[in-house]
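Here's the structure we're looking at; comments come further down.
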Amino acid sequence: MPTNPALVVHGGAWAIPDDMVEAHLNGVRNACAAGWRVLERGGSALDAVEEAVVVLEDDETFDAGRGSFLNRDGKVQLDAFIMDGSTLRGGGVGCVERLRNPVRAARKILSDSSHVYFVAEGAERFAAEHGIALCRNEDLVIPREVERLREYQAQASNHGNDLFAPTISHDTVGAVALDRDGNIAASTSTGGTLNKAPGRLGDSSLIGCGCYADNLSAAASTTGWGEPIMKLVLAKWAADRVESGSLPEWVAQEAMNYLKQRLNGHGGIILLDAQGRFGIAHNTPRMAWALHTVQKQEAGIKRND
Ligand code: ASP
C-alpha cells in the first residue's frame, strides 16, 4: 500500500513584521507547491525537499541564496544540507560564495560523492565539476541587504543583547517530506546570521543540528540562533524523541522549550515522521510555514501571542 505523502516547509522564525508577512506566506506557499508537485507524481521525498528549498533560495524574501544576509565583510556566505532518511546519506556545503542554489550542490554531494561535506572553494570546485554553474558573489548581493548591514554596523553598539530586535531576523529556509514509498527527507539552507564573521558556520548545514532525516525516527529542519541549536544537536535530539515513541507535534514544542531552558536559545523547527505525523513549533514571535498533505493544504505565520 503506498503511503500518503506529506510536506512541510518553513521560511524562518523571528518577529516577522506585518509588512513582510505576505511575502513570507507567498514564498512558503510557492515552495510547498513545488515540493508537492514532485510527491504527487510519485517522486521521492529527497527530490521534493530539494525542489522546495530551491524555490525558497530563489526568493529574495529569505535568508538563503540570493538576497541572504551579508557577513561582516559584505559578502554572502551560504550553508546548506540535505539528507535522505532511507539511506542516511547526506550532503552539505558550508561557506560557499558562488552558488545560487547551494542545495543543488549539497544534493550532488549526497548522490555523487562518498563524502558528506565540502566547504568554501572546495565545495564550489566540486559543484562546478558536477555541472553546476558558479556565479559571482555580487550576483547574490541585493541592495536591501547592503543597507541592512550598513545600518547594523552603524548601530552595532546599540544592539546589546536584544536578540529579538527586528534586525536579528532568522529567515533560513527548510523542508521535510514523506513520499509514497514511505521514505522521509529533510533539507535546510541559509545565509547564516547578519554581520557574521567570515568563515562562521551555523547550525543549518550541520548534520543533526539544523537538519536530520532517518526513516526510523523523523525528518527535521530548524531555524533560529545557530550557536545554541548546534550545541544541543537539536534536530537529532528531536528525531530521537520521535523514535522513542513521542508524537512529533509534542516533540517539536519540547525541542523549543529545551532550547529556551537550556541555553536561552530561540528559533523554530519542523518535524515529520514516516507515518506522516508532523510538528511545527517556535519560541520566536512568528514563524513562516506551509504544509501539504492529502487531507489538507495550509500556510501560516504561526504566532506565539
Ligand atoms: N540558524 C541560522 C544560523 O545560525 C540562522 C537562521 O536560522 O536564520 O546560521
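If you're matching positions, the sequence shown starts at 0 in numbering that gives the first Met the number 0 and goes up one per residue.
Even glycine gets a Cβ: it sits at the ideal position worked out from N, Cα and C.
Since we're looking at a predicted model, the values are computed, not measured.
1) With DSSP as the reference, please indicate the residues paired to valine 175 in a beta bridge.
2) Bridge partners of glycine 89, per DSSP?
3) If you measure between the beta carbons of isoleucine 206 and glycine 91, is that distance less than 8 Å?
4) Can you check whether the CB of aspartate 58 is closer than 8 Å to the CB of glycine 11?
5) Give me, in chain order, the residues of the same chain whose beta-carbon lies closer than 6 Å to that of aspartate 202; leave out the 5 immediate sequence neighbours on both sides.
6) With contact counted as at least three CB pairs below 8 Å, one residue from each stretch, are the stretch 184–191 and the stretch 59–74 in contact?
7) Assuming cysteine 329 contacts leucine 200 under a Cβ cut-off of 8 Å, what Cβ separation, rounded to an integer in Å, is found between them?
8) Could you tell me the alpha carbon to alpha carbon distance between threonine 222 and glycine 66, rounded to whole angstroms?
9) Where arginine 149 and phenylalanine 125 are concerned, what is the direct C-alpha to C-alpha distance, given to the nearest angstrom?
10) Am I right that alanine 196 and asparagine 70 are in contact with their C-beta atoms under 8 Å? What's the rounded C-beta distance?
11) For glycine 41, is the classification buried or exposed, using 16 other Cβ atoms within 10 angstroms of its Cβ as the cut-off for buried?
12) Would you call the CB atoms of glycine 264 and isoleucine 183 closer than 8 Å?
13) Pairing CB atoms from the stretch 130–146 with CB atoms from the stretch 109–119, are three or more of them under 8 Å?
14) Between the C-alpha atoms of glutamine 154 and arginine 147, what's the straight-line distance to the nearest angstrom?
15) For glutamate 59, which of helix, strand or coil comes out of DSSP?
16) Which word fits serine 168, buried or exposed, when buried means at least 16 other C-beta atoms lie within 10 angstroms of its C-beta?
17) In the DSSP assignment, the alpha helix (DSSP H) including isoleucine 108 goes from what residue to what residue?
18) How far does the beta strand (DSSP E) with tryptophan 288 in it extend, from its first residue to its last?
19) In terms of residue numbering, what span does the alpha helix (DSSP H) encompassing alanine 237 cover?
20) Please report the straight-line C-alpha distance between valine 172 and valine 52, rounded to a whole angstrom.
21) Shorter than 7 Å, the distance from the beta carbon of serine 186 to the closest heavy atom of the ligand ATP, or not?
22) For serine 220, list the residues DSSP reports as bridge partners.
23) For cysteine 134, which three-state DSSP category applies?
24) So, does the CB of methionine 286 fall closer than 8 Å to a CB anywhere in chain D?
25) Might you give, ordered along the chain, the residues of its own chain that have their beta carbon closer than 7 Å to the beta carbon of arginine 28, omitting 5 neighbours on each side?
26) By Cβ distance below 6 Å, which residues in the same chain neighbour valine 232 in space, the five residues on each side in sequence not counted?
27) Would you call the CB atoms of threonine 292 and glycine 267 closer than 8 Å?
28) Please work out which residues of its chain come closer than 6 Å, Cβ to Cβ, to alanine 212, disregarding the five sequence neighbours upstream and downstream, and give them in chain order.
29) Rounded to whole angstroms, what's the CA-CA distance from glycine 34 to proline 16? Just pull it up for me.
30) Might you give, ordered along the chain, the residues of its own chain that have their beta carbon closer than 8 Å to the beta carbon of leucine 98, omitting 5 neighbours on each side?
31) Secondary structure at glutamate 297, three-state DSSP: helix, strand or coil?
32) Based on the DSSP secondary-structure assignment, which residues constitute the bridge partners of histidine 114?
By the coordinates alone:
1) Valine 175 pairs with Val7, Ala185.
2) Looking at the DSSP assignment, glycine 89 forms a beta bridge with Met82.
3) Cβ distance < 8 Å, so isoleucine 206 and glycine 91 count as in contact.
4) It is not a contact, given that the beta carbons lie outside the stated cut-off.
5) Hits under 6 Å: Cys208, Gly209, Gly225, Ile228, Met229.
6) With the cut-off at 8 Å, the stretch 184–191 and the stretch 59–74 touch.
7) The structure shown has nothing for residue 329, since the chain only spans 0 to 304.
8) One C-alpha to the other measures close to 17 Å.
9) When rounded, the distance between both Cα atoms is 33 Å.
10) Contact between alanine 196 and asparagine 70 is confirmed by a C-beta separation of about 7 Å, below the 8 Å threshold.
11) Residue burial is scored here from C-beta neighbours: glycine 41 has fewer than 16 other C-beta atoms within 10 angstroms and is therefore classed as exposed.
12) Taking the C-beta atoms as reference points, isoleucine 183 is found no nearer than 8 Å to glycine 264.
13) Touching, no, given that fewer than three Cβ pairs across the two stretches are closer than 8 Å.
14) If I take the Cα positions, the gap works out to 11 Å.
15) Glutamate 59 carries a coil assignment under DSSP once its states are collapsed to helix, strand and coil.
16) Taking all protein chains in view, the Cβ of serine 168 is crowded by 16 or more other Cβ atoms within 10 Å, so the residue is classified as buried.
17) Where isoleucine 108 is concerned, the enclosing alpha helix (DSSP H) stretches over 101–111.
18) Segment 285–292, the beta strand (DSSP E) holding tryptophan 288.
19) Start and end: 233–242.
20) Their backbone Cα atoms lie some 7 Å apart in a straight line.
21) The model on display carries the ligand ASP but not the ligand ATP.
22) Looking at the DSSP assignment, serine 220 forms a beta bridge with Cys210, Ile269.
23) Cysteine 134: coil per DSSP, three-state reduction.
24) Looking at the structure shown, chain D is missing, and only one protein chain is on hand.
25) Closer than 7 Å at the Cβ level, and outside the excluded window around arginine 28, lie Ala289, Ala298.
26) Here the set comprises Gly207, Cys208.
27) No, the pair does not count as a contact, with Cβ atoms beyond the cut-off.
28) So the list reads Met82, Gly84, Ile183, Ala184, Ala185, Ala218, once near-sequence residues are dropped.
29) If I take the Cα positions, the gap works out to 26 Å.
30) Result list for leucine 98: Leu77, Val92, Ala104, Ala122, Glu123, Ala126, Ile131, Leu133, Cys134, in chain order.
31) Three-state result, glutamate 297: strand.
32) Beta-bridge annotation (DSSP): histidine 114 is not paired with any residue.
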